[in-house]
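Chains A and B, in that order, give the protein sequences. Going left to right, the first sequence walks through residues -11 to 295 as the numbering used here numbers them. Going left to right, the second sequence walks through residues -11 to 295 as the numbering used here numbers them. For every residue, glycine included, the Cβ atom is placed at its ideal position computed from N, Cα and C. Single-structure report; data block below.
Number of protein chains: 2
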Amino acid sequence: MGGERKFTAGLARFFGGARGVRIGIGDDAAVVRNPARDSVVCCDPVVASVHFDGDADPALVGRKAVNRNLADLAAMGATPDWLLVSLVLPRGWPAAHRSRLLRGIRAAARAGGAHVVGGDVATVRGPLVVTVTAIGHLQGRALLRSAARAGDLLHVTGPLGGSRLGHHLRFSPPLRAGRWLARGNSPVRAAIDVSDGLLLDLHTMLQASGGLGAELDARALPVSRDALRQARGDRDAAIRAALADGEDHELLFTVPRRRRLPAGGPLTAAARRPIGRVLARPGLWLVDGDTRRRVAPEGHEHDLAAS
Amino acid sequence: MGGERKFTAGLARFFGGARGVRIGIGDDAAVVRNPARDSVVCCDPVVASVHFDGDADPALVGRKAVNRNLADLAAMGATPDWLLVSLVLPRGWPAAHRSRLLRGIRAAARAGGAHVVGGDVATVRGPLVVTVTAIGHLQGRALLRSAARAGDLLHVTGPLGGSRLGHHLRFSPPLRAGRWLARGNSPVRAAIDVSDGLLLDLHTMLQASGGLGAELDARALPVSRDALRQARGDRDAAIRAALADGEDHELLFTVPRRRRLPAGGPLTAAARRPIGRVLARPGLWLVDGDTRRRVAPEGHEHDLAAS
Chain A
-11 MGGERKFTAG LARFFGGARG VRIGIGDDAA VVRNPARDSV VCCDPVVASV
39 HFDGDADPAL VGRKAVNRNL ADLAAMGATP DWLLVSLVLP RGWPAAHRSR
89 LLRGIRAAAR AGGAHVVGGD VATVRGPLVV TVTAIGHLQG RALLRSAARA
139 GDLLHVTGPL GGSRLGHHLR FSPPLRAGRW LARGNSPVRA AIDVSDGLLL
189 DLHTMLQASG GLGAELDARA LPVSRDALRQ ARGDRDAAIR AALADGEDHE
239 LLFTVPRRRR LPAGGPLTAA ARRPIGRVLA RPGLWLVDGD TRRRVAPEGH
289 EHDLAAS
Chain B
-11 MGGERKFTAG LARFFGGARG VRIGIGDDAA VVRNPARDSV VCCDPVVASV
39 HFDGDADPAL VGRKAVNRNL ADLAAMGATP DWLLVSLVLP RGWPAAHRSR
89 LLRGIRAAAR AGGAHVVGGD VATVRGPLVV TVTAIGHLQG RALLRSAARA
139 GDLLHVTGPL GGSRLGHHLR FSPPLRAGRW LARGNSPVRA AIDVSDGLLL
189 DLHTMLQASG GLGAELDARA LPVSRDALRQ ARGDRDAAIR AALADGEDHE
239 LLFTVPRRRR LPAGGPLTAA ARRPIGRVLA RPGLWLVDGD TRRRVAPEGH
289 EHDLAAS
């Protein structure tokens, strides 16, 4: 008898039960009650030395593994319910690391209103891989990345850039904002999670919406403190960071030009100020005072073309 | 621009739409219609050199990644609906391997009546990790591993042992059997997926049912052809293989002593013959003709105690 069964029994206690969990951790599968007829589902892995440094605090790795998925649900306007967690642990990984990883997962799940109901564990000669599946439901409509239209104004829910200084491990998914943007009376058209960099995710949204373009106002971009710190006072470098760094996990969304966002709600004043607008013809443009130049949709994606 | 976006767009075409998919691959998350109020969910990874040899046909790896999860749903009596697939690919893995992997995933999904609606991909310096999440629903009740009672007769849906000769990559999940065992008029009490070896999974079932024991009849065990071939004519070795090899992905289930399985349905004649019975006191016993000896719950599990 090795440790897996004991470990799994421990997990059932660790994550505990919750309302709506008919059968939790410990059987061949979990049985959960759906709060609505439709479910919103996504699944993202985080991998050591790809999504975090090998010496990152395992609690923050667990947090990130959960929150990356909750950010995807947020971008649909969904409310999280259930999580499944698959752990591929490096052989010989200290038990104390494992505990911190699990505590980070549980804390992020609770903060997001979600509950871990299942998963699996394996040990391997290789890097840590934590794969989380999130299942949620809609209270309003679904926010789609394909719904942008020419003339829409562009908004973003929070500051961008410099995420590698720590935000990429510590961000909170914009669940309240996503739900609010998806309410029945909301004028919001399209939304997308800013994970690969503003320009690249904007490009993805415009492509999904039929091949549109956009113009961004450099002076309206919300540049994060970390982007400024990273740029050491170089304004252009800070703006480049805000445009392309990625892992911001804010929501980029569009609003028809003549509609106004309702008062109240969780948006900051900055999120209510447009950062640019959608154009009918493809191409990304950056306006900075009197200059206007074309920019490439740079950002982060896994290069599969090389293989 | 690397290849990830193109790859994802290709996946949307490759897996296509299906009835009940409101929003499929390509947005931040998928939106799917649940056929029932409760969902049955599970998530299992397969990892190179842990769950398959590095030189295994990627199509069979994809098949196994899906079917391991469908076998878990089968053991609950559930019907599969939706799959999410997370791929962690070794850097430089040939594109042809990737195609075969995806084709294996799609074929197994279709065979099981499930549809791939989302997932993610990353490349890594490390082994291939394919993590599948399966979401299904119940038509009858849920089959639990905790429902065995002293006096129940033990059954298994198919032959056991020697899985490493190929069955572990090529098995079909016992979905029809699982659904049939879970029907309203079925006398079946407990059920569990035989993944870690009959003895170990039986032990798990007995522990989950409050600390019971069991007696198995060596002469009634359905020994697979591969177990016999692997044992090269050594009968005891073949029986040991059937007891402990694992990755059979048949269903072990219990039936109250005085109840009979209904006629008809997908069970083989062998599956209708008991292989043993549940005892009130803990401990596993193997009866072989006139001898009766205690056996340990040996099988396969990931050794987390060492770390």
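Helix, strand or coil: which one does DSSP assign to residue i?
i	result
residue 172 of chain A	coil
residue 224 of chain B	helix
residue 190 of chain B	helix
residue 149 of chain A	coil
residue 288 of chain B	coil
residue 296 of chain B	Beyond the ends of chain B as shown, which are -11 and 295, falls residue 296 of chain B; an answer cannot be given.
residue 235 of chain B	coil
residue 75 of chain A	strand
residue 217 of chain B	helix
residue 200 of chain A	coil
residue 137 of chain A	coil
residue 158 of chain A	helix
residue 177 of chain A	coil
residue 295 of chain B	Its pLDDT being 36, under 50, residue 295 of chain B is placed unreliably in this model, and the coordinates cannot settle the point.
Looking only at its chain, what residues have a beta carbon closer than 8 Å to the beta carbon of residue i, apart from the 5 residues adjacent to it on each side?
i	result
residue 224 of chain A	none
residue 166 of chain B	61, 62, 63, 64, 65, 66, 131, 179, 239
residue 55 of chain A	96, 100, 159, 160, 161, 237
residue 174 of chain B	128, 168, 249, 250
residue 247 of chain B	175
Taking Cβ positions, are residue i and residue j nearer each other than 8 Å?
i	j	result
residue 30 of chain B	residue 140 of chain A	no
residue 169 of chain B	residue 200 of chain B	no
residue 69 of chain B	residue 32 of chain B	no
residue 231 of chain B	residue 194 of chain B	no
residue 184 of chain B	residue 288 of chain B	yes
residue 109 of chain A	residue 79 of chain A	no
residue 142 of chain A	residue 256 of chain A	no
residue 47 of chain A	residue 89 of chain A	yes
residue 196 of chain A	residue 137 of chain A	no
residue 8 of chain B	residue 25 of chain B	no
residue 277 of chain A	residue 207 of chain A	yes
residue 156 of chain A	residue 235 of chain A	yes
Residue i to residue j, Cα distance in whole Å?
i	j	result
residue 115 of chain B	residue 93 of chain A	24 Å
residue 310 of chain A	residue 42 of chain A	With chain A represented from -11 up to 295, any question about residue 310 of chain A goes unanswered, as that position is not in the structure.
residue 50 of chain A	residue 209 of chain B	43 Å
residue 279 of chain A	residue 228 of chain A	15 Å
residue -7 of chain A	residue -8 of chain B	37 Å
residue 258 of chain B	residue 123 of chain A	39 Å
residue 211 of chain A	residue 83 of chain B	38 Å
residue 261 of chain B	residue 4 of chain A	38 Å
residue 249 of chain B	residue 271 of chain B	27 Å
residue 296 of chain B	residue 125 of chain B	Shown here, chain B extends from -11 to 295; a query on residue 296 of chain B therefore has no answer.
residue -5 of chain A	residue 98 of chain A	21 Å
residue 45 of chain A	residue 244 of chain A	43 Å
residue -10 of chain A	residue 205 of chain B	Confidence at residue -10 of chain A is low in this model, with a pLDDT of 47, below 50, so its placement is unreliable and no value can be given for it.
residue 293 of chain B	residue 233 of chain B	Only weak support is given to the placement of residue 293 of chain B: the predicted model assigns it a pLDDT of 44, under 50, and the value that follows is read from those uncertain coordinates. Rounded to whole angstroms, residue 293 of chain B to residue 233 of chain B spans 21 Å at the Cα level.
residue 281 of chain A	residue 191 of chain A	16 Å
Can you name, in chain order, every residue of its own chain whose Cβ lies under 6 Å from the Cβ of residue i, other than the five neighbours on each side?
i	result
residue 19 of chain A	10, 11
residue 171 of chain A	128
residue 107 of chain B	72, 73, 74
residue 53 of chain A	34, 118, 120
residue 14 of chain A	0
residue 226 of chain B	211, 215, 216, 219
residue -2 of chain A	none
residue 135 of chain A	177, 178
residue 57 of chain A	30, 32, 120, 122
Apart from the five residues just before and just after residue i, which ones in its own chain have a Cβ nearer than 7 Å to its Cβ?
i	result
residue 297 of chain A	Any answer about residue 297 of chain A is impossible in this case: the structure gives chain A only from -11 up to 295.
residue 119 of chain A	31, 33, 74
residue 218 of chain B	150, 153, 229
residue 6 of chain A	103
residue 164 of chain B	254
residue 295 of chain B	Confidence is the limiting factor: at residue 295 of chain B the pLDDT is only 36, short of 50, which leaves the residue's position unreliable and the question unanswerable from this model.
key: 3-residue-minimum beta strand (DSSP E) runs that sit fully inside the stretch 78 to 130 of chain B, ordered along the chain   = 103 to 112, 117 to 126
Scan the stretch -11 to 72 of chain B and note each continuous beta strand (DSSP E) run of 3 residues or more that stays entirely inside, going in chain order.
9 to 11, 18 to 21, 26 to 35
Could I get the ranges of all uninterrupted alpha helix (DSSP H) runs contained in the stretch 243 to 274 of chain B, with 4 residues as the minimum, in chain order? 257 to 260
Beta carbons nearer than 8 Å to chain C: which residues of the stretch 94 to 120 of chain B have them? Checking the listed chains, one finds no chain C in this structure; the protein chains it contains are A and B.
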